[in-house]
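In our numbering, the protein residues as written are 16 to 201.
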């Protein structure tokens, strides 16, 4: 059975911004590491806003981008994408299908059938997946900057819920970036 991983960049104050990553400082070696984290995923699950941000990579020619982003472009373009949206009616993005709603039963089925792990991107659908006990790992890239507002990394879990995590990997980068990988226990 495939694992579902929530992978995201976040500010030190717990936000992912508001649809852009202009606040994200670069760190030496981070792009290569992020690419290695993303490489095993066969399918990316996105909300509309996160997909529209990431779709930037869809039309990029790997040879035309900075050297440290070339492999990321190839990895991102090769993966299948499922976008959960009520407003987006079509997309020109290859290997991409649109779904009108996030259905936990379909995600369980996808996990059971998939031969590669899955990545969920976008805090709103990640929270939905967490509420339905679908997420196996949370992988955070913490950028040492505060942005004061935006979308919380994990928005609105039920009031009485406790999310227990086990730290299974960590890594430090230049400029103060930190990678934290957690297994979801409950």
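Where is the CB? At the ideal position from N, CA and C, for every residue including glycine.
As a beta-bridge residue in DSSP terms, residue 154 pairs with 22 and 196. The beta carbon of residue 84 sits closer than 7 Å to those of 46, all from its chain and outside the five residues before and after it, given in chain order. DSSP places residue 95 in no alpha helix (DSSP H) but in the uninterrupted beta strand (DSSP E) bounded by 95-99.
Contact check for residue 41 and residue 162: beta-carbon distance about 16 Å, past the 8 Å limit, so the pair fails to qualify. In the DSSP annotation of this structure, residue 116 is not part of any beta strand (DSSP E), being labelled neither H nor E. Distance from the Cα of residue 105 is smallest, within the candidate group 184, 52, 192 and 63, for 63. Taking residue 44 as reference, the option from 137, 170, 198 and 156 with the minimal CA-CA separation is 156. Taking residue 80 as the centre and dropping the five residues before and after it, the same chain places the C-beta of 88 closer than 7 Å to its C-beta, in chain order. The alpha-carbon separation between residue 112 and residue 128 amounts to approximately 17 Å. Boundaries of the beta strand (DSSP E) around residue 183: 180-187.
Inclusion of residue 54 and residue 22 in the CB contact set at 8 Å is not warranted, their separation being larger than that value.
Annotated as proximal: residue 70 and residue 108, with beta-carbon spacing under 8 Å. Under DSSP, residue 136 forms a beta bridge with 61.
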